[in-house]
């Protein structure tokens, strides 16, 4: 393909991308293909001779689009929001137009410098303490692929710091703390690093948040047993329930155990800090005063395409001490002099994508006010949805709504005699009905033995009418499953 052929193909690609986004509302939310569909449709080997690109582009429309789940669909309320903006698409196009592996400053100065600047912009936007800024030259921020890598990097740094300070401790005696509501990234970090993981219990009475007293008891138990807790992964906005760990209480406990690294995973909810009115309730003061590392992922609720998770550390030296591997062929004049950041020492991999470009494009195009409006609009829609659940004769809220997320279950007020196991059976049948539809997407969860359903609002195209329609669908499916099961309940009693 030469430049002119690329130009023509590019025009067509942009047109088709625009058409895709404009017609999202008319598409099914979920893909209807079956496993193995693509292998059946495609040749068993790559072509011997190059093919006409028009055929390739048309096959994308024919074979790939039908196999996509449309996360930006107005009726996608599953998992978490994930963004795809036109500004971000253009940034990704520019990023892919040059190959910049970005493993040190000299191989692509703009890649490194823009990331350092943009991470300070975002730190300021979120209200983070200046000790996390790159310009401080003590702490700083780095873009990781995802929140899972951010947690893994933080755990590696915490382990290295602990072993440096306690060289006599055997690796098998180290303990990583999560909670029973922590994302699977905590358990996976332990699995990858060969660490003992202890999940601290949380209760519905505490809105599934980790409390300081629970941490204190665990620390005393493990230390008395000869174990060495070295990191706690706390959460602001857990995946299952939207819970916010009581970081203020945790900090009061942890200050007596200075060896304990506190990493806060706010992958989804942390973006809401762009709106100052949510900072205190979601524990930003405690984050600023105590935590060692903090992560939020703008590819979830921040209008940035996947991937792009923002990780800040209060002391960058802990990262570089743990991750710096510099053979002779990677040495540079600026790196040796310490006059530039070499981000390869802040992450697991050597190279890195030019992710900061899409942050720069989107932040400049939308501005602070644009991002604040997007976040606020989603929260307002969820507030309306949650109120409908509170007022419903069919549904009940399982735990208090969190920002743009509500966890609820089918619990007819006319059937108050149903036990929790019976309600779980009812809700599994209800969710199965919802999951069988292709015009709405939600996800299930289990909160301490209570099966329930998560509703998360965040697609940029979602309107109040989409939320109203979702509620109507839920009511229709709920009526159906209640009528089906009412006879079973009567026959069993």
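Numbering (my numbering), first residue to last: 6 to 498. C-beta: ideal position from N, C-alpha, C; glycine also.
Under a 10 Å Cβ-count criterion, residue 288 is classified as buried, with 16 or more other Cβ atoms of the shown protein chains found around its own Cβ.
Fully contained in the segment 399-468 are the following alpha helix (DSSP H) runs of length 4 or more, in chain order: 425-440.
The beta-bridge partner set that DSSP reports for residue 204 consists of 183. Residue state for residue 244 is assigned as coil, using DSSP reduced to three classes. A contact is defined here as three or more CB-CB pairs under 8 Å, and the segment 335-345 fails this definition with respect to the segment 64-77.
The continuous alpha helix (DSSP H) containing residue 158 extends over residues 152-170. In the structure shown, the three-state DSSP call for residue 190 is helix. The beta carbons of residue 297 and residue 249 sit no closer together than 9 Å. A contact between stretches requires three or more CB pairs, one per stretch, nearer than 8 Å, and the segment 472-492 meets this requirement with the segment 437-451. Looking at the DSSP output, residue 174 bridges to nothing. Spatial neighbours of residue 307 in its own chain (CB-CB distance under 6 Å, excluding positions within 5 residues in sequence) are listed in chain order as 276.
Boundaries of the beta strand (DSSP E) harbouring residue 315: 314-318, taken from the DSSP string. At the C-beta level, residue 107 and residue 293 stay beyond 9 Å of one another.
For residue 23, the enclosing alpha helix (DSSP H) has its first and last residue at 8-27. With distances taken between CA atoms, residue 147 lies nearest to 128 out of 128, 433, 165 and 160. In this structure, the beta-carbon distance from residue 190 to residue 157 falls below 9 Å.
Along the segment 302-348, the alpha helix (DSSP H) occurs as fully enclosed runs of 4 or more residues at 303-306, 321-328 and 338-342, listed in sequence order.
Residue 302 and residue 272 do touch by the CB rule: their CB atoms are close to 4 Å apart, below 8 Å. Per DSSP, the continuous beta strand (DSSP E) segment holding residue 148 begins and ends at 145-149. It is roughly 20 Å from the alpha-carbon of residue 199 to the alpha-carbon of residue 326. Residue 387 is positioned such that its CB atom lies closer than 9 Å to that of residue 462. Taking C-beta separations shorter than 6 Å and ignoring five residues to either side along the sequence, residue 103 has no partners in its chain. A distance below 6 Å between beta-carbons, with the five flanking residues on each side excluded, links residue 316 to the following residues of its chain, in chain order: 147, 149, 155 and 300. When DSSP states are grouped into helix, strand and coil, residue 280 belongs to the coil group. Using a Cβ distance threshold of 9 Å, residue 310 and residue 101 do not count as a contacting pair. In this model, residue 9 and residue 367 are separated by some 28 Å (Cα to Cα). Between the alpha carbons of residue 405 and residue 96 lies a distance of about 38 Å. The C-alpha of residue 402 lies about 7 Å from the C-alpha of residue 411. The segment 159-176 and the segment 192-210 touch, with no fewer than 3 CB-CB distances between them shorter than 8 Å. The shortest CA-to-CA distance from residue 123 to any of 109, 138, 282 and 416 is the one to 138. Within the model, the alpha-carbon separation for residue 253 versus residue 210 is close to 18 Å. The three-state secondary structure of residue 239, taken from DSSP, is strand.
Shown here, residue 234 sits in a strand according to DSSP, grouped into three states. For residue 34, no alpha helix (DSSP H) run applies, since DSSP gives it neither H nor E.
Non-local beta-carbon contacts of residue 384 in its own chain, meaning distances under 6 Å to residues more than five positions away in sequence, involve 408 and 409 in chain order. When C-alpha distances from residue 379 are compared across 120, 87 and 35, the shortest belongs to 87.
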